[in-house]
Amino acid sequence: MMEPIVERHCWAEIDLDALRHNFAYVQKAVGGPVCAVVKADAYGHGDAAVAQALQLQGAAGFAVSCLAEAKHLRRCGITAPILILGYTDPCEAAALAQEKIATTCFSAEYAQALSAAAVQAGVQVAVHLKVDTGMGRLGFTALQSLPDAVRALEAVYALPGLAVRGIFQHFAAADSLQPGDLAYTGAQYALFQQIVAQLRADGYDPGAVHCANSAAQLQHPEWRCDLTRAGIILYGLDPSGELHFPALQPVMALKCIVTYVKDLLPGQSVSYGRTFTAQKPMRVATVCVGYADGYPRMLSGTQGGGVMTLHGRPAPVLGRVCMDQTLVDVTDIPDAKMGDEVTAFGPGAFDTADTVAAKTGTINYEIVCGIARRVPRVYLQNGSVCKIWNDLEEH
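Going by UniProt numbering, 182 is the number at position 182 of the sequence shown; the sequence numbering is gapless.
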(Lines of atoms letter the chains of each structure in order from A and count residues from 1; the text may use other names and numbers.)
(Lines give C-alpha, C1' and ligand atoms only; values in the text may rest on other atoms or scores of the structure.)
Protein backbone atom coordinates (compact mmCIF):
# COMPACT_ATOMS: atom_id res chain seq x y z
CA MET A 1 0.00 0.00 0.00
CA MET A 2 1.37 3.39 -1.00
CA GLU A 3 1.73 5.99 1.72
CA PRO A 4 -0.09 9.29 1.01
CA ILE A 5 3.04 11.24 0.07
CA VAL A 6 2.53 11.23 -3.69
CA GLU A 7 -0.61 11.73 -5.76
CA ARG A 8 -2.69 8.57 -5.82
CA HIS A 9 -3.04 8.29 -9.57
CA CYS A 10 -0.58 6.09 -11.44
CA TRP A 11 2.83 5.10 -10.10
CA ALA A 12 5.53 2.45 -10.34
CA GLU A 13 6.66 0.77 -7.15
CA ILE A 14 10.34 -0.16 -7.11
CA ASP A 15 11.37 -2.70 -4.48
CA LEU A 16 14.96 -1.85 -3.51
CA ASP A 17 15.17 -4.97 -1.32
CA ALA A 18 14.49 -7.10 -4.40
CA LEU A 19 17.09 -5.12 -6.34
CA ARG A 20 19.71 -5.74 -3.65
CA HIS A 21 18.76 -9.41 -3.51
CA ASN A 22 19.25 -9.77 -7.26
CA PHE A 23 22.62 -8.02 -7.17
CA ALA A 24 23.83 -10.25 -4.34
CA TYR A 25 22.59 -13.34 -6.18
CA VAL A 26 24.43 -12.35 -9.37
CA GLN A 27 27.59 -11.45 -7.50
CA LYS A 28 27.61 -14.81 -5.73
CA ALA A 29 26.83 -16.75 -8.92
CA VAL A 30 29.57 -14.99 -10.86
CA GLY A 31 32.13 -15.02 -8.07
CA GLY A 32 33.65 -11.74 -9.13
CA PRO A 33 33.05 -8.02 -9.75
CA VAL A 34 29.75 -6.99 -11.34
CA CYS A 35 29.17 -3.86 -13.40
CA ALA A 36 25.54 -2.74 -13.15
CA VAL A 37 23.92 -1.74 -16.43
CA VAL A 38 21.68 1.25 -15.70
CA LYS A 39 21.09 2.61 -19.19
CA ALA A 40 17.58 3.65 -20.24
CA ASP A 41 16.90 5.09 -16.78
CA ALA A 42 17.89 1.75 -15.22
CA TYR A 43 15.51 -0.08 -17.53
CA GLY A 44 12.70 2.22 -16.44
CA HIS A 45 13.35 1.79 -12.71
CA GLY A 46 15.05 5.17 -12.18
CA ASP A 47 18.81 5.38 -12.65
CA ALA A 48 19.61 7.63 -9.68
CA ALA A 49 18.00 5.55 -6.94
CA VAL A 50 19.09 2.25 -8.50
CA ALA A 51 22.71 3.32 -8.94
CA GLN A 52 22.87 4.83 -5.47
CA ALA A 53 21.60 1.60 -3.94
CA LEU A 54 23.97 -0.59 -5.97
CA GLN A 55 26.98 1.63 -5.34
CA LEU A 56 26.45 0.96 -1.63
CA GLN A 57 26.18 -2.75 -2.44
CA GLY A 58 29.62 -2.72 -4.02
CA ALA A 59 28.94 -2.51 -7.74
CA ALA A 60 32.25 -2.49 -9.62
CA GLY A 61 30.93 0.24 -11.89
CA PHE A 62 28.01 1.31 -14.04
CA ALA A 63 27.29 1.04 -17.75
CA VAL A 64 25.11 3.51 -19.62
CA SER A 65 24.18 4.25 -23.21
CA CYS A 66 25.23 7.86 -23.67
CA LEU A 67 27.04 10.81 -22.10
CA ALA A 68 23.86 12.43 -20.82
CA GLU A 69 23.05 9.31 -18.78
CA ALA A 70 26.59 9.19 -17.43
CA LYS A 71 26.61 12.85 -16.42
CA HIS A 72 23.26 12.41 -14.69
CA LEU A 73 24.74 9.65 -12.55
CA ARG A 74 27.64 11.89 -11.57
CA ARG A 75 25.22 14.67 -10.57
CA CYS A 76 23.41 12.13 -8.42
CA GLY A 77 26.53 11.30 -6.44
CA ILE A 78 27.79 8.23 -8.29
CA THR A 79 31.58 8.11 -7.91
CA ALA A 80 32.20 4.56 -9.17
CA PRO A 81 33.59 4.02 -12.68
CA ILE A 82 31.12 4.66 -15.52
CA LEU A 83 31.36 3.26 -19.04
CA ILE A 84 29.35 4.51 -22.01
CA LEU A 85 28.48 1.44 -24.09
CA GLY A 86 27.42 3.34 -27.19
CA TYR A 87 28.55 6.31 -29.25
CA THR A 88 29.86 9.54 -27.73
CA ASP A 89 30.48 12.52 -29.98
CA PRO A 90 34.28 13.05 -30.09
CA CYS A 91 33.72 16.76 -29.43
CA GLU A 92 32.73 15.74 -25.88
CA ALA A 93 36.29 14.62 -25.08
CA ALA A 94 36.75 17.34 -22.47
CA ALA A 95 33.49 16.43 -20.72
CA LEU A 96 34.47 12.75 -20.64
CA ALA A 97 37.79 13.58 -19.05
CA GLN A 98 36.36 16.10 -16.60
CA GLU A 99 33.66 13.71 -15.37
CA LYS A 100 36.04 10.71 -15.35
CA ILE A 101 33.79 8.76 -17.71
CA ALA A 102 35.11 6.06 -20.02
CA THR A 103 33.63 5.62 -23.46
CA THR A 104 33.58 2.87 -26.07
CA CYS A 105 36.16 2.97 -28.85
CA PHE A 106 34.79 0.84 -31.66
CA SER A 107 36.67 1.66 -34.90
CA ALA A 108 39.88 3.16 -36.23
CA GLU A 109 37.96 6.12 -37.64
CA TYR A 110 36.31 6.82 -34.28
CA ALA A 111 39.57 6.37 -32.38
CA GLN A 112 41.34 8.91 -34.56
CA ALA A 113 38.51 11.43 -34.22
CA LEU A 114 38.37 11.05 -30.44
CA SER A 115 42.15 11.28 -30.19
CA ALA A 116 42.23 14.52 -32.21
CA ALA A 117 39.49 16.04 -30.04
CA ALA A 118 41.25 14.99 -26.84
CA VAL A 119 44.55 16.50 -28.00
CA GLN A 120 42.85 19.74 -28.96
CA ALA A 121 41.18 19.89 -25.53
CA GLY A 122 44.41 19.00 -23.75
CA VAL A 123 42.89 15.99 -21.99
CA GLN A 124 43.23 12.23 -21.84
CA VAL A 125 40.09 10.14 -22.40
CA ALA A 126 39.66 6.67 -20.95
CA VAL A 127 38.35 4.16 -23.48
CA HIS A 128 37.26 0.55 -23.58
CA LEU A 129 37.96 -1.16 -26.88
CA LYS A 130 34.88 -2.82 -28.40
CA VAL A 131 35.41 -5.93 -30.50
CA ASP A 132 32.73 -7.22 -32.85
CA THR A 133 32.83 -11.01 -32.58
CA GLY A 134 29.40 -11.52 -34.12
CA MET A 135 26.88 -9.03 -32.74
CA GLY A 136 27.34 -6.83 -35.81
CA ARG A 137 26.60 -3.43 -34.28
CA LEU A 138 29.70 -1.58 -33.08
CA GLY A 139 33.24 -2.85 -32.80
CA PHE A 140 36.54 -3.59 -34.47
CA THR A 141 35.44 -6.53 -36.57
CA ALA A 142 37.29 -9.76 -35.94
CA LEU A 143 35.18 -11.94 -38.20
CA GLN A 144 37.09 -11.45 -41.45
CA SER A 145 40.68 -11.44 -40.21
CA LEU A 146 41.87 -11.81 -36.65
CA PRO A 147 45.37 -10.42 -37.41
CA ASP A 148 43.85 -7.33 -39.03
CA ALA A 149 41.58 -6.79 -36.02
CA VAL A 150 44.52 -7.09 -33.62
CA ARG A 151 46.60 -4.63 -35.64
CA ALA A 152 43.73 -2.11 -35.65
CA LEU A 153 43.25 -2.49 -31.91
CA GLU A 154 46.96 -2.12 -31.19
CA ALA A 155 47.08 1.07 -33.27
CA VAL A 156 44.75 2.73 -30.75
CA TYR A 157 47.42 2.45 -28.04
CA ALA A 158 49.69 4.77 -30.05
CA LEU A 159 47.11 7.53 -30.40
CA PRO A 160 47.67 10.56 -28.16
CA GLY A 161 44.94 11.60 -25.76
CA LEU A 162 43.53 8.09 -25.36
CA ALA A 163 44.10 5.68 -22.47
CA VAL A 164 42.93 2.09 -22.98
CA ARG A 165 41.28 0.96 -19.77
CA GLY A 166 39.36 -2.08 -20.97
CA ILE A 167 38.22 -4.34 -23.80
CA PHE A 168 34.86 -6.02 -24.33
CA GLN A 169 32.43 -7.61 -26.73
CA HIS A 170 28.69 -8.41 -26.68
CA PHE A 171 26.95 -11.73 -27.24
CA ALA A 172 24.23 -11.90 -29.86
CA ALA A 173 22.36 -15.02 -28.70
CA ALA A 174 23.54 -15.93 -25.20
CA ASP A 175 19.89 -15.98 -24.09
CA SER A 176 19.05 -18.85 -26.45
CA LEU A 177 19.36 -22.58 -25.80
CA GLN A 178 19.04 -23.55 -29.44
CA PRO A 179 22.02 -25.69 -30.53
CA GLY A 180 23.04 -23.30 -33.28
CA ASP A 181 22.94 -20.33 -30.94
CA LEU A 182 24.88 -22.16 -28.25
CA ALA A 183 27.60 -22.90 -30.78
CA TYR A 184 27.57 -19.29 -32.02
CA THR A 185 27.92 -17.94 -28.49
CA GLY A 186 30.79 -20.30 -27.76
CA ALA A 187 32.52 -19.21 -30.96
CA GLN A 188 32.12 -15.55 -30.00
CA TYR A 189 33.72 -16.20 -26.63
CA ALA A 190 36.61 -18.17 -28.13
CA LEU A 191 37.33 -15.46 -30.71
CA PHE A 192 37.30 -12.76 -28.05
CA GLN A 193 39.72 -14.72 -25.88
CA GLN A 194 42.06 -15.16 -28.85
CA ILE A 195 42.16 -11.42 -29.39
CA VAL A 196 42.81 -10.63 -25.73
CA ALA A 197 45.55 -13.26 -25.60
CA GLN A 198 47.22 -11.85 -28.72
CA LEU A 199 47.18 -8.31 -27.35
CA ARG A 200 48.86 -9.51 -24.18
CA ALA A 201 51.38 -11.56 -26.13
CA ASP A 202 52.27 -8.45 -28.10
CA GLY A 203 52.85 -6.48 -24.91
CA TYR A 204 49.60 -4.49 -24.82
CA ASP A 205 47.64 -4.26 -21.57
CA PRO A 206 43.93 -4.70 -22.37
CA GLY A 207 42.83 -3.34 -19.00
CA ALA A 208 39.53 -4.63 -17.65
CA VAL A 209 38.36 -7.54 -19.79
CA HIS A 210 34.61 -8.14 -19.89
CA CYS A 211 32.36 -10.08 -22.22
CA ALA A 212 29.42 -11.57 -20.29
CA ASN A 213 25.97 -9.98 -20.41
CA SER A 214 23.05 -11.00 -18.20
CA ALA A 215 22.40 -14.35 -19.85
CA ALA A 216 26.04 -15.32 -20.35
CA GLN A 217 27.18 -14.64 -16.79
CA LEU A 218 24.53 -16.87 -15.24
CA GLN A 219 24.87 -19.56 -17.89
CA HIS A 220 28.66 -19.41 -17.95
CA PRO A 221 30.04 -17.88 -14.73
CA GLU A 222 33.45 -19.15 -15.81
CA TRP A 223 33.37 -16.48 -18.54
CA ARG A 224 33.41 -13.68 -15.96
CA CYS A 225 36.88 -12.41 -17.00
CA ASP A 226 37.67 -9.30 -14.92
CA LEU A 227 34.02 -8.34 -14.49
CA THR A 228 30.56 -9.01 -15.89
CA ARG A 229 27.81 -6.66 -17.05
CA ALA A 230 24.47 -7.35 -15.38
CA GLY A 231 21.42 -5.73 -16.93
CA ILE A 232 17.92 -7.20 -17.01
CA ILE A 233 18.68 -9.74 -14.28
CA LEU A 234 19.29 -6.95 -11.78
CA TYR A 235 15.66 -5.98 -12.20
CA GLY A 236 14.48 -9.53 -11.50
CA LEU A 237 13.54 -10.47 -15.05
CA ASP A 238 14.79 -13.35 -17.14
CA PRO A 239 16.90 -12.56 -20.23
CA SER A 240 14.53 -14.58 -22.43
CA GLY A 241 11.69 -17.07 -22.33
CA GLU A 242 14.20 -19.90 -22.70
CA LEU A 243 16.24 -19.03 -19.62
CA HIS A 244 14.58 -18.98 -16.23
CA PHE A 245 16.40 -18.13 -13.01
CA PRO A 246 13.96 -18.72 -10.13
CA ALA A 247 16.08 -16.87 -7.58
CA LEU A 248 15.48 -13.53 -9.30
CA GLN A 249 12.89 -11.23 -7.72
CA PRO A 250 11.02 -8.77 -10.00
CA VAL A 251 11.60 -5.21 -8.83
CA MET A 252 8.82 -3.20 -10.50
CA ALA A 253 5.04 -3.11 -10.18
CA LEU A 254 2.90 -0.65 -12.16
CA LYS A 255 -0.04 0.54 -10.08
CA CYS A 256 -2.99 2.92 -10.31
CA ILE A 257 -6.37 3.46 -8.67
CA VAL A 258 -10.02 2.98 -9.51
CA THR A 259 -11.58 6.33 -10.36
CA TYR A 260 -15.15 5.31 -11.18
CA VAL A 261 -17.38 2.23 -10.95
CA LYS A 262 -20.64 1.88 -12.84
CA ASP A 263 -23.19 -0.67 -14.01
CA LEU A 264 -23.24 -1.65 -17.67
CA LEU A 265 -26.45 -2.90 -19.24
CA PRO A 266 -26.71 -5.34 -22.14
CA GLY A 267 -26.15 -3.52 -25.43
CA GLN A 268 -23.99 -0.78 -23.92
CA SER A 269 -20.42 -0.40 -25.22
CA VAL A 270 -17.26 1.10 -23.75
CA SER A 271 -14.16 2.97 -24.98
CA TYR A 272 -13.00 4.04 -28.43
CA GLY A 273 -14.31 2.20 -31.45
CA ARG A 274 -17.01 0.42 -29.43
CA THR A 275 -14.99 -2.79 -29.64
CA PHE A 276 -16.68 -4.18 -26.54
CA THR A 277 -20.44 -4.38 -26.04
CA ALA A 278 -21.97 -5.94 -22.94
CA GLN A 279 -24.05 -9.07 -23.52
CA LYS A 280 -25.27 -9.18 -19.92
CA PRO A 281 -25.43 -6.86 -16.88
CA MET A 282 -21.91 -6.02 -15.71
CA ARG A 283 -19.96 -3.74 -13.40
CA VAL A 284 -17.14 -1.78 -14.97
CA ALA A 285 -14.35 0.23 -13.35
CA THR A 286 -12.35 3.04 -14.89
CA VAL A 287 -8.69 3.05 -13.79
CA CYS A 288 -6.18 5.84 -14.37
CA VAL A 289 -3.48 4.16 -16.41
CA GLY A 290 -3.08 4.10 -20.17
CA TYR A 291 -0.63 3.77 -23.00
CA ALA A 292 0.90 7.18 -22.26
CA ASP A 293 1.98 5.73 -18.92
CA GLY A 294 3.49 2.66 -20.55
CA TYR A 295 0.53 0.29 -20.34
CA PRO A 296 0.48 -1.06 -23.92
CA ARG A 297 -2.53 -0.36 -26.10
CA MET A 298 -2.15 -3.89 -27.43
CA LEU A 299 -3.50 -5.11 -24.08
CA SER A 300 -6.94 -3.88 -25.17
CA GLY A 301 -9.64 -6.43 -24.45
CA THR A 302 -10.09 -7.34 -28.10
CA GLN A 303 -6.34 -7.78 -28.64
CA GLY A 304 -3.92 -8.87 -25.92
CA GLY A 305 -6.41 -9.33 -23.13
CA GLY A 306 -4.69 -7.50 -20.30
CA VAL A 307 -5.68 -8.54 -16.79
CA MET A 308 -5.21 -6.17 -13.86
CA THR A 309 -5.37 -7.18 -10.21
CA LEU A 310 -7.85 -5.68 -7.76
CA HIS A 311 -8.42 -7.02 -4.24
CA GLY A 312 -6.37 -10.04 -5.29
CA ARG A 313 -8.82 -10.91 -8.06
CA PRO A 314 -8.57 -10.63 -11.86
CA ALA A 315 -9.99 -7.54 -13.54
CA PRO A 316 -9.83 -8.11 -17.32
CA VAL A 317 -9.44 -5.11 -19.63
CA LEU A 318 -12.59 -4.20 -21.55
CA GLY A 319 -12.42 -2.41 -24.88
CA ARG A 320 -9.48 -0.32 -25.97
CA VAL A 321 -6.77 0.95 -23.67
CA CYS A 322 -6.86 4.76 -23.86
CA MET A 323 -4.03 7.25 -23.51
CA ASP A 324 -4.64 7.93 -19.81
CA GLN A 325 -7.44 5.58 -18.74
CA THR A 326 -8.53 1.97 -19.12
CA LEU A 327 -11.75 0.11 -18.35
CA VAL A 328 -11.78 -3.23 -16.52
CA ASP A 329 -14.43 -5.79 -15.66
CA VAL A 330 -15.20 -5.84 -11.91
CA THR A 331 -18.44 -7.82 -12.12
CA ASP A 332 -16.92 -10.51 -9.92
CA ILE A 333 -15.35 -7.98 -7.53
CA PRO A 334 -18.46 -6.57 -5.84
CA ASP A 335 -16.52 -4.50 -3.29
CA ALA A 336 -14.61 -2.55 -5.97
CA LYS A 337 -14.93 1.19 -5.37
CA MET A 338 -13.36 4.54 -6.19
CA GLY A 339 -9.89 4.90 -4.69
CA ASP A 340 -9.05 1.20 -4.64
CA GLU A 341 -5.48 0.29 -5.54
CA VAL A 342 -4.99 -1.67 -8.78
CA THR A 343 -1.89 -3.50 -10.01
CA ALA A 344 -1.64 -3.21 -13.77
CA PHE A 345 1.29 -5.63 -13.76
CA GLY A 346 3.90 -6.75 -11.30
CA PRO A 347 5.20 -9.61 -9.18
CA GLY A 348 2.41 -11.75 -7.76
CA ALA A 349 -0.23 -10.10 -9.97
CA PHE A 350 -2.26 -11.78 -12.70
CA ASP A 351 -0.17 -9.94 -15.30
CA THR A 352 3.60 -9.58 -14.94
CA ALA A 353 6.13 -7.86 -17.17
CA ASP A 354 6.67 -11.26 -18.80
CA THR A 355 3.00 -12.00 -19.49
CA VAL A 356 2.44 -8.46 -20.76
CA ALA A 357 5.40 -8.92 -23.10
CA ALA A 358 4.04 -12.24 -24.34
CA LYS A 359 0.59 -10.78 -24.95
CA THR A 360 1.98 -7.83 -26.90
CA GLY A 361 4.58 -9.70 -28.93
CA THR A 362 7.65 -8.12 -27.39
CA ILE A 363 10.16 -8.70 -24.57
CA ASN A 364 10.07 -7.81 -20.89
CA TYR A 365 12.90 -5.28 -21.45
CA GLU A 366 10.59 -3.11 -23.57
CA ILE A 367 7.74 -3.28 -21.07
CA VAL A 368 9.71 -1.93 -18.09
CA CYS A 369 11.75 0.51 -20.22
CA GLY A 370 8.50 1.86 -21.62
CA ILE A 371 7.12 3.20 -18.34
CA ALA A 372 6.74 6.94 -18.94
CA ARG A 373 8.71 9.55 -17.04
CA ARG A 374 5.43 11.15 -15.95
CA VAL A 375 4.83 8.06 -13.80
CA PRO A 376 6.35 8.64 -10.33
CA ARG A 377 8.75 5.97 -9.08
CA VAL A 378 7.97 5.07 -5.49
CA TYR A 379 10.87 3.23 -3.84
CA LEU A 380 10.22 0.67 -1.14
CA GLN A 381 12.56 -0.62 1.53
CA ASN A 382 11.41 -3.15 4.12
CA GLY A 383 7.91 -2.71 2.73
CA SER A 384 7.78 1.06 3.37
CA VAL A 385 8.27 4.05 1.11
CA CYS A 386 11.81 5.37 1.45
CA LYS A 387 12.06 7.67 -1.58
CA ILE A 388 9.99 9.09 -4.42
CA TRP A 389 11.18 10.34 -7.78
CA ASN A 390 8.62 12.44 -9.62
CA ASP A 391 9.87 13.93 -12.87
CA LEU A 392 6.96 16.36 -13.14
CA GLU A 393 7.86 17.90 -9.78
CA GLU A 394 11.62 18.17 -10.40
CA HIS A 395 12.95 21.72 -10.45
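For every residue, glycine included, the Cβ atom is placed at its ideal position computed from N, Cα and C. It should be emphasised that the depicted structure is a prediction, and the values quoted were computed from it without experimental measurement.
In this structure, the straight-line span from the alpha carbon of Y189 to that of C35 is close to 19 Å. Per DSSP, the unbroken alpha helix (DSSP H) holding T355 starts and ends at A353 to T360. Contiguous alpha helix (DSSP H) elements confined to the region 155-233 occur at 179-201 and 214-219, taking only those with 4 or more residues. Rounded to whole angstroms, the separation of the alpha carbons of L96 and L16 is 30 Å.
Here A155 is exposed: its Cβ has fewer than 16 other Cβ atoms, across all protein chains shown, within 10 Å. Between the region 6-15 and the region 375-387 there are three or more C-beta pairs closer than 8 Å, enough to call the two in contact. Check the Cα spacing between Y87 and each of R75, C76, G77 and I101: the tightest is with I101. Per the DSSP secondary-structure output, G139 pairs with nothing in a beta bridge. The alpha carbon of Q124 has as its nearest neighbour, out of Q303, L237, R165 and D175, the alpha carbon of R165. In the structure shown, H128 adopts extended strand secondary structure according to DSSP, grouped into three states. By the 16-neighbour rule on beta-carbons within 10 angstroms, L327 is buried. In terms of Cβ geometry, N22 and L234 form a close pair [threshold 9 Å].
With contacts defined by Cβ atoms closer than 9 Å, A24 and Q52 do not form a contacting pair. Annotated three-state conformation of G273 is helix, per DSSP. Beta-bridge analysis with DSSP links A24 to no other residue.
Residue state for L67 is assigned as helix, using DSSP reduced to three classes. As DSSP reads the structure, T103 sits in a beta bridge with I84 and V127.
Secondary structure at L114: helix, using DSSP grouped into helix, strand and coil. DSSP places K39 in the helix class (H, G or I) of the three-state scheme. The beta carbon of V30 lies closer than 6 Å to those of Q217, P221, R224 and T228 in the same chain, with the five residues before and after it left out.
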